[in-house]
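See below for the structure under consideration.
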Amino acid sequence: MTQLEDTAKAASNSPRRLYIKNYGCQMNVYDSARMAELLAPLGYSLTVTANDADLVILNTCHIREKAAEKVFSELGQLRRMKEAKARRGGRMILAVAGCVAQAEGAEIIERAPCVDVVVGPQSYHHLPELLARVLRADGAGAIDTSFPVEPKFDLLPKVASPRGVAAFLTIQEGCDKFCSFCVVPYTRGAEYSRPVAEVLAEARRLVRGGAREITLLGQNVNAYHGGGPDGREWRLGELIRQLAEVERLDRIRYTTSHPRDVDDELVAAHRDVPQLMPFLHLPVQSGSDRVLALMNRRHTVADYRRTVDRLRSARPDLALSTDLIVGYPGESCEDFQATMDLADEMRFAQAFSFKYSPRPGTPASSAAHQVPDEVKAQRLAELQVLLGSQQRAFNEACIGHTLPVLLEKPGRHKGQLVGRSPYLQSVHLAAPADRMGDIVPVLITAASANSLSGSLTGVAAE
Ligand code: SAH
Ligand code: SF4
Ligand code: F3S
Numbered sequence: 000m001t002q003l004e005d006t007a008k009a010a011s012n013s014p015r016r017l018y019i020k021n022y023g024c025q026m027n028v029y030d031s032a033r034m035a036e037l038l039a040p041l042g043y044s045l046t047v048t049a050n051d052a053d054l055v056i057l058n059t060c061h062i063r064e065k066a067a068e069k070v071f072s073e074l075g076q077l078r079r080m081k082e083a084k085a086r087r088g089g090r091m092i093l094a095v096a097g098c099v100a101q102a103e104g105a106e107i108i109e110r111a112p113c114v115d116v117v118v119g120p121q122s123y124h125h126l127p128e129l130l131a132r133v134l135r136a137d138g139a140g141a142i143d144t145s146f147p148v149e150p151k152f153d154l155l156p157k158v159a160s161p162r163g164v165a166a167f168l169t170i171q172e173g174c175d176k177f178c179s180f181c182v183v184p185y186t187r188g189a190e191y192s193r194p195v196a197e198v199l200a201e202a203r204r205l206v207r208g209g210a211r212e213i214t215l216l217g218q219n220v221n222a223y224h225g226g227g228p229d230g231r232e233w234r235l236g237e238l239i240r241q242l243a244e245v246e247r248l249d250r251i252r253y254t255t256s257h258p259r260d261v262d263d264e265l266v267a268a269h270r271d272v273p274q275l276m277p278f279l280h281l282p283v284q285s286g287s288d289r290v291l292a293l294m295n296r297r298h299t300v301a302d303y304r305r306t307v308d309r310l311r312s313a314r315p316d317l318a319l320s321t322d323l324i325v326g327y328p329g330e331s332c333e334d335f336q337a338t339m340d341l342a343d344e345m346r347f348a349q350a351f352s353f354k355y356s357p358r359p360g361t362p363a364s365s366a367a368h369q370v371p372d373e374v375k376a377q378r379l380a381e382l383q384v385l386l387g388s389q390q391r392a393f394n395e396a397c398i399g400h401t402l403p404v405l406l407e408k409p410g411r412h413k414g415q416l417v418g419r420s421p422y423l424q425s426v427h428l429a430a431p432a433d434r435m436g437d438i439v440p441v442l443i444t445a446a447s448a449n450s451l452s453g454s455l456t457g458v459a460a461e
């Protein structure tokens with residue numbers, strides 16, 4: 000009997016509680032669900048609190064300093080819970096997964112000795128062995144931050160549990176772009192695309208489990224180049240067309256895309272595939288060509304504008320979202336003004352904006368002319384006022400229109416459901432719980448900065 004089977008056998012006699020806390024991007028959400036699935040045969044079932052859990056996994060993010068630091072403050076609290084459980088004669092295993100695990104490896108255990116397992120985003124399929132090692136050694140930490148030659152997708156169990164009405168599906172991982180501020184190429188490794196057949200099979204399973212919307216995920220999702228059944232490499236546009244054939248898959252989205260990888264095939268998919276939702280997150284980072292060059296983005300503002308024009312010609316109602324960084328080393332007042340001007344011109348329906356955060360090991364962190372924090376804070380505040388007003392204006396423009404809304408989950412109040420518009424806005428409305436999973440026509444009656452509300456209209460949407 001292998002050690003793994005041993006562990007599984009022991010576990011099957013004693014149900015174990017698993018608590019996963021997720022940080023960072025949607026890819027971590029997907030990975031957390033896969034970890035839960037991987038551990039289920041060992042007797043672990045998800046619980047909603049860390050208190051008294053047998054295994055706690057922090058699935059971490061390293062993108063900005065704040066994100067990484069959160070993990071260590073959480074570990075402080077978990078250490079106390081772990082000690083309390085030990086006093087009661089129990090054992091809590093603490094695992095750090097995700098991008099902080101990848102970036103900091105063994106240092107995590109040095110800084111927080113309560114951690115038992117450190118596992119990177121490309122090696123979490125080894126979790127059962129790592130756990131077995133910890134249980135056996137009774138104390139010694141187990142670390143795996145390798146980039147194994149075998150893609151983890153080949154070794155993970157097939158997606159089995161339902162993922163809800165709107166599901167994520169990772170199709171591409173890693174990044175070869177090396178923007179000078181970003182840790183992702185180091186934490187997630189080189190670009191890898193899953194084969195088309197595998198993606199289609201997973202999409203069908205998700206739909207059978209009740210999903211009506213799938214968001215295709217990748218750090219650079221439109222760099223997708225997965226092996227097709229015909230032996231060619233397929234690009235994202237072609238994959239989307241194929242997914243549109245999956246019955247009852249009513250909505251397709253993808254994120255995050257890079258402006259350099261928007262090819263004609265993808266633009267055409269926006270024109271031709273009705274299931275492809277008219278909302279696109281397309282990070283631009285800065286409105287200054289000088290800063291874009293320093294960032295190693297390898298596109299200009301004019302390139303970005305052209306890309307957006309092509310997309311909007313294909314799909315005139317396309318709503319655009321973006322990411323912007325202020326205070327990149329060397330960013331002058333004029334550079335910042337150029338970012339404000341671009342935001343003004345683009346009318347983003349939604350946007351994320353960040354103060355530049357120096358990340359260890361990235362070229363920008365050691366660049367000269369770091370911008371003082373007060374200046375970053377002031378620029379961010381100014382930009383966010385503009386972005387907030389654009390988002391509010393976009394939302395308010397929906398009032399009086401009837402939008403098809405996919406009902407996803409219960410609302411805060413009894414009798415309410417929350418769904419999503421095609422433009423990814425949250426929509427609150429009164430609707431019977433058994434309508435969950437339906438796409439219904441909703442007359443939008445009110446808008447706030449972050450969401451819409453409305454009422455079901457009598458007409459059947461689909
Ligand atoms: N793959 C995506 C983004 C991944 S990270 C892309 O290429 O655009 C998500 C966002 O975090 C980035 O778009 C960027 O705006 C922000 N970000 C990344 N590194 C950062 C850093 N060091 N400081 C501040 N923001 C950062
Ligand atoms: Fe990071 Fe995105 Fe640039 Fe890749 S393309 S290095 S993920 S910001
Ligand atoms: Fe964060 Fe890693 Fe995602 S650094 S944004 S969790 S790829």
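For the sequence shown, the positions run 0 to 461 when numbering that gives the first Met the number 0 is used. Even for Gly, the Cβ is constructed at its ideal location relative to N, Cα and C.
Residues bridged to residue i by DSSP?
i      : result
THR321 : ALA350
VAL95  : LEU57, VAL117
GLU172 : TYR191
SER454 : ALA429, LEU442
GLU212 : ALA165, ARG250
LEU405 : ARG419, ILE438
GLN284 : LEU323
GLU232 : GLY226
TYR43  : ARG15
PHE278 : ALA318
So residue i packs on residue j, CB below 8 angstroms; how close in whole Å?
i      : j      : result
VAL182 : ILE62  : 6 angstroms
GLY140 : VAL116 : 7 angstroms
LEU406 : ALA430 : 6 angstroms
VAL283 : TYR253 : With a Cβ gap of about 17 angstroms, VAL283 and TYR253 do not count as contacting.
GLY188 : GLN241 : In fact, because the Cβ distance is near 26 angstroms, the residues do not count as touching under 8 angstroms.
VAL307 : MET276 : At roughly 17 angstroms, the Cβ-Cβ gap does not stay under 8 angstroms, so VAL307 and MET276 are not in contact.
GLN390 : ALA445 : Going by Cβ atoms, the distance from GLN390 to ALA445 rounds to 15 angstroms, so no, they are not a contact pair.
SER44  : LEU77  : About 19 angstroms; that fails the 8 angstroms criterion.
THR338 : SER388 : Not confirmed; about 16 angstroms, so no contact.
Is residue i near the ligand F3S - that is, is its Cβ less than 8 angstroms away from at least one heavy atom of it?
i      : result
ASN27  : yes
CYS24  : yes
ILE170 : no
GLY97  : yes
ARG33  : no
What residues in its chain sit with their C-beta under 6 angstroms from that of residue i, if we drop five residues either side in the sequence?
i      : result
LEU385 : ALA342
ALA111 : LEU74
THR186 : HIS61, CYS98, GLN101, ALA102
ALA460 : With a pLDDT of only 44 at ALA460, under 50, the local geometry of the prediction cannot be trusted, and the value read off the model is given with reservation. Contacts found: PRO403, ILE438, VAL439, PRO440.
SER31  : ILE19, ASN21, ASN58
TRP233 : VAL195, GLY225, GLY227
ALA366 : PRO328
SER364 : PRO357, ARG358
Indicate the three-state DSSP secondary structure (helix, strand or coil) for residue i in the structure shown.
i      : result
PRO440 : strand
GLU64  : helix
GLU4   : Note that GLU4 has pLDDT 46, beneath the 50 cutoff, so the model's placement of it is unreliable and no number is given.
ASN21  : strand
HIS124 : helix
THR299 : coil
ALA141 : strand
GLU186 : Strictly speaking, residue 186 in this sequence is Thr, with Glu absent from that position. DSSP places THR186 in helix when its eight states are reduced to three.
ALA10  : Any answer about ALA10 is weak, because its pLDDT of 46 lies below 50 and its placement is not dependable; what the coordinates show is given next. In this structure, ALA10 counts as helix in the three-state DSSP scheme.
GLU461 : Note that GLU461 has pLDDT 44, beneath the 50 cutoff, so the model's placement of it is unreliable and the number below is only indicative. GLU461 falls in the coil class under three-state DSSP.
PHE180 : coil
PHE152 : helix
GLU330 : coil
TYR29  : helix
Using a threshold of 8 angstroms, is the CB atom of residue i nearer than that to any non-hydrogen atom of the ligand SAH?
i      : result
LYS151 : no
ARG358 : yes
LYS508 : Shown here, the chain extends from 0 to 461; a query on residue 508 therefore has no answer.
ALA380 : no
Under 8 angstroms from any heavy atom of the ligand SF4, does the C-beta of residue i make it?
i      : result
CYS113 : no
GLN218 : yes
ARG296 : yes
PRO328 : no
VAL133 : no
HIS368 : no
HIS257 : yes
Between residue i and the rest of its own chain, which residues show a CB-CB distance below 7 angstroms, the 5 nearest in sequence each way excluded?
i      : result
ARG378 : VAL325, GLY326, PHE335
CYS178 : MET294, ASN295, ARG296
ASP143 : VAL118, GLY119, SER122, HIS125, LEU129
Which residues in the same chain have their Cβ closer than 8 angstroms to the Cβ of residue i, if we skip the five residues on either side of it in sequence?
i      : result
VAL245 : LEU199, ALA202, ARG203, VAL206
VAL426 : LEU402, VAL404, VAL417, GLY418, ARG419, SER420, VAL441, ILE443, SER450, LEU451, SER452, GLY453
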